[in-house]
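Taking it in order: structure first as structure tokens, then the write-up.
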Amino acid sequence: MRSRFAGVVAAVGLAWRAAPGLFAVYVPLNVLGAVVPVASAWLVKLILDALLRGTPLYPLLWLVGILAVVGVIAGVVPQVMEHLRVEADRRVTLLSEDRLYGATERFVGLSRFEDPHFQDTLRVAQESGRSAPSNVVNGFVGVGRALVTIAGFVGSLAVLDPLITVVVLAAGVPAVLAERALARRRAAVFLEMSPSIRRELFYARLLTDVRAAKEVRLFGIGGFFRQRMLAERATANAAERRVDRHELRVQGGLVLLSSVVAGGGLVAAIVAASRGQLSVGDVSMFVAAVAGVQTSLSMLVGAYAMASRSLVMFEHYLALLRSDSDLPVAASPAAVPELSGGVELRDVWFRYSPAHPWVLRGVNMTIPAGRAVAIVGRNGAGKSTIVKLLCRFYDPTRGSVLWDGVDLRDMAPADLRARIGAVFQDFMEYDLTAAENVGVGDVGCRDDRPRVEEAARLAGVHKTLARLPAGYDTLLSRTFGTAGSASAESAALAWLTGDDESGVGVTLSTGQWQRLALARGLFRGRRDLLILDEPSSGLDPEAEHQVHETLRSYAAGTTRVLISHRLGATRDADHVFVIEDGVVSEEGSHASLVAAGGVYARLFALQAKGYQEPTAVG
Ligand SMILES: Nc1ncnc2c1ncn2[C@@H]1O[C@H](COP(=O)(O)OP(=O)(O)OP(=O)(O)O)[C@@H](O)[C@H]1O
Numbered sequence: 001m002r003s004r005f006a007g008v009v010a011a012v013g014l015a016w017r018a019a020p021g022l023f024a025v026y027v028p029l030n031v032l033g034a035v036v037p038v039a040s041a042w043l044v045k046l047i048l049d050a051l052l053r054g055t056p057l058y059p060l061l062w063l064v065g066i067l068a069v070v071g072v073i074a075g076v077v078p079q080v081m082e083h084l085r086v087e088a089d090r091r092v093t094l095l096s097e098d099r100l101y102g103a104t105e106r107f108v109g110l111s112r113f114e115d116p117h118f119q120d121t122l123r124v125a126q127e128s129g130r131s132a133p134s135n136v137v138n139g140f141v142g143v144g145r146a147l148v149t150i151a152g153f154v155g156s157l158a159v160l161d162p163l164i165t166v167v168v169l170a171a172g173v174p175a176v177l178a179e180r181a182l183a184r185r186r187a188a189v190f191l192e193m194s195p196s197i198r199r200e201l202f203y204a205r206l207l208t209d210v211r212a213a214k215e216v217r218l219f220g221i222g223g224f225f226r227q228r229m230l231a232e233r234a235t236a237n238a239a240e241r242r243v244d245r246h247e248l249r250v251q252g253g254l255v256l257l258s259s260v261v262a263g264g265g266l267v268a269a270i271v272a273a274s275r276g277q278l279s280v281g282d283v284s285m286f287v288a289a290v291a292g293v294q295t296s297l298s299m300l301v302g303a304y305a306m307a308s309r310s311l312v313m314f315e316h317y318l319a320l321l322r323s324d325s326d327l328p329v330a331a332s333p334a335a336v337p338e339l340s341g342g343v344e345l346r347d348v349w350f351r352y353s354p355a356h357p358w359v360l361r362g363v364n365m366t367i368p369a370g371r372a373v374a375i376v377g378r379n380g381a382g383k384s385t386i387v388k389l390l391c392r393f394y395d396p397t398r399g400s401v402l403w404d405g406v407d408l409r410d411m412a413p414a415d416l417r418a419r420i421g422a423v424f425q426d427f428m429e430y431d432l433t434a435a436e437n438v439g440v441g442d443v444g445c446r447d448d449r450p451r452v453e454e455a456a457r458l459a460g461v462h463k464t465l466a467r468l469p470a471g472y473d474t475l476l477s478r479t480f481g482t483a484g485s486a487s488a489e490s491a492a493l494a495w496l497t498g499d500d501e502s503g504v505g506v507t508l509s510t511g512q513w514q515r516l517a518l519a520r521g522l523f524r525g526r527r528d529l530l531i532l533d534e535p536s537s538g539l540d541p542e543a544e545h546q547v548h549e550t551l552r553s554y555a556a557g558t559t560r561v562l563i564s565h566r567l568g569a570t571r572d573a574d575h576v577f578v579i580e581d582g583v584v585s586e587e588g589s590h591a592s593l594v595a596a597g598g599v600y601a602r603l604f605a606l607q608a609k610g611y612q613e614p615t616a617v618g
């Protein structure tokens, strides 16, 4: 109950902060809108009674004039309110989305994003963040408005017949309770269906994703994915259908109840009028009051249902906003000094969660400042996991990672990351211009074109980018049209008629994208620690050679960690670590490891042999 109240306060606070002026007008207008029906019912009663009493025309015309003004207000107020509501909704959505996505940035690690439960909460929060705060506020304003109207009519009815007043009011109680239960049930089903809907979206995206298109067509698995997508939709539909049917039964019963009460009230009023206990004006007031209370009760129930349904959703939004960071952040973090000693993994044990197997089982590794270190090992040995621990995307389950002797957990993650440059194995291909794709490596300097071009040159991709249709300003995307292309409408028309040439997205080859990712890493400038996780896996041999030459001269003196399966690239490292079975199984210089004749020597010999073996022709 307390959390519900806190939810209402939070929604009102958010709405007020987003659009204070609008709400300052919107709420009083609702009160005005609420009293208008009561005022017109009274005016009609007074006019009818005055007519039957034979009141002179002049005072009667006054009443009619006031009734006309009330009628105009009744017509205009809802229009203005609707306009204000829509505008307020826009502003509230803007602020609530800003807060939501601001909150997701506060999760400094990666684990939350890999947690399916978190993904479900996120999806509900994304949906509710758009509309829930406005719906909660509008719902409760609607409830308040209905209550004001009901109070006005109940007061009027009570003057005429207290018993009928009690019956009409009592008939509203089950409706309120039933709608409350329905709202909860609908919200629960929505949450229960969340995983299904997420999977449905996943399959739907696969069917249209350009990256999946090749395999989907070659393997002929479109039908397979479509069936799965439809099965997920059918599951969600079945659950929603059950709720719809239940709602239909409950609401049907409520309508029946309110009709019986309204009919009963009318009969009672006519009987009383025939006995001379009520005037004609009283009967008209009676009819208007019964109808007004019924309408307001159903408005109240509807508004309450909307508010409480949105409140349940909004609580997920609030839970996400208020959830702690996924990694503990030191209250008074230590400064991150320029790396002078080195980075050390000390007896590091790591698994992704208690349900996952151990990946690292006591890794000890020192990366001395200013030296180049290579990490090699089989697929799945844990090399990229070490990179993620160095960037503090996760904390070691046991042991520690030390930066010049200071535990990474004692530092602010943003300060640490500001000292790190990286090219990840699963680098991003941003739907941005070529220049921006490089520039986001150091986002504050993204407009420094000479530096952008210099980084691209170092990564060997300058010529490719310069030759694009709009050079560095070319949008690299298949999702959005090219920069400066026609409007969406005319582009769609051109596509339909087959005349579409402008909307063809420009994109790069895998190796070119990889060079672009490298340029992004280099654009970051000389950071204290440069991490290169398979930076050249997609490059042709010549390009790979060039990249490693460039890195050797460009990054000389920078602390470097290189991960590569190509042992030709790692032979220049000052120190090589071999990871096997979760520990460092061998370490030393390339030459000493080859001489030792262990795993590294065997892998190196295998690769070298592969290059030397004569190719059988014919
Ligand atoms: N986010 C994750 N959640 C759970 N397990 C993971 C996650 N990322 C990696 N793993 C597991 O951790 C192990 C080590 O993965 P990692 O990516 O570090 O290996 P790697 O040595 O870099 O492999 P490769 O040479 O193939 O790139 C693998 O068994 C992998 O399945």
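Quick note on UniProt numbering: the sequence shown kicks off at 1 and runs consecutively. Beta carbons: idealized from backbone N, C-alpha and C, even for Gly. These numbers come from a predicted model, not from an experiment.
Across the structure, I420 and A595 are spaced so that their CA atoms are roughly 33 angstroms apart.
In the three-state reduction of the DSSP assignment, G109 falls in the coil class. The beta carbon of E114 sits closer than 7 angstroms to at least one heavy atom of ligand 1. Of the residues assessed, T510 falls on the exposed side of the cut-off, its CB having fewer than 16 other CB atoms within 10 angstroms.
The beta carbon of G129 sits closer than 7 angstroms to those of S96, E97, L100, Y317, all from its chain and outside the five residues before and after it, given in chain order.
For S384, the shortest separation between its Cβ and any heavy atom of ligand 1 lies below 7 angstroms.
In this chain, the alpha helix (DSSP H) harbouring G144 covers 116-160.
A straight line joining the alpha-carbon of A305 with that of R180 spans about 6 angstroms.
Scanning the segment 403-447 from its first residue to its last, the whole beta strand (DSSP E) runs of 3-plus residues come out as 420-423. A Cβ-Cβ distance of about 5 angstroms is found for the pair L360 and G382, placing them in contact under the 8 angstroms criterion.
The beta carbon of A146 sits closer than 8 angstroms to the beta carbons of A34, S296, L297, M299, L300, A303 from its chain, once the five residues preceding and following it are set aside; these are given in chain order.
Looking only at T208, S308, R198, the smallest Cα-Cα distance to L122 is reached by R198. For G377, the Cβ falls inside the 7 angstroms cut-off from some heavy atom of ligand 1. Judged by DSSP secondary structure, H575 falls within the beta strand (DSSP E) whose first and last residues are 575-580.
At a cut-off of 7 angstroms, the beta-carbon of G129 does not count as near ligand 1: no heavy atom of the ligand is closer than that.
DSSP places T366 in the uninterrupted beta strand (DSSP E) bounded by 360-368. Judged by DSSP in its simplified three-state form, S296 adopts helix.
DSSP places T55 outside both helix and strand once states are collapsed to three, so it counts as coil. G276 carries a coil assignment under DSSP once its states are collapsed to helix, strand and coil. Here the alpha carbons of T104 and G21 stand approximately 29 angstroms from one another. Taking C-beta atoms as the reference points, L60 and L51 count as a pair closer than 8 angstroms.
Per DSSP, T550 is one residue of the alpha helix (DSSP H) stretching across 541-554.
Within the same chain, no residue comes within 6 angstroms of A608 by CB-CB distance, once the 5 residues on both sides are set aside. With fewer than 16 other Cβ atoms from the protein chains shown falling within 10 Å of its own Cβ, G13 counts as exposed. S400 carries a strand assignment under DSSP once its states are collapsed to helix, strand and coil. In this structure V423 is not in contact with V561, their Cβ atoms being roughly 11 angstroms apart against a cut-off of 8 angstroms.
In the assembly as shown, C445 is an exposed residue. Its beta-carbon has fewer than 16 other beta-carbons within 10 Å.
The Cβ atoms of T559 and L530 sit closer than 8 angstroms to each other. Taking 7 angstroms as the cut-off, one finds at least one heavy atom of ligand 1 near enough to the beta carbon of Y352. Between V70 and V36, the C-beta spacing is below 8 angstroms. When only Cα atoms are considered, D115 and F350 end up about 17 angstroms apart. Annotation for L465: A434, A456, Y472 place their beta carbon closer than 6 angstroms to its own, counting only its chain and skipping 5 residues before and after. The Cβ atoms of G597 and E586 lie no closer than 8 angstroms to each other.
By the criterion of at least three beta-carbon pairs nearer than 8 angstroms, the segment 336-347 is in contact with the segment 401-412. With contacts defined by Cβ atoms closer than 8 angstroms, V438 and A519 form a contacting pair. Taking 8 angstroms as the cut-off, the Cβ atoms of D533 and V363 do not count as close.
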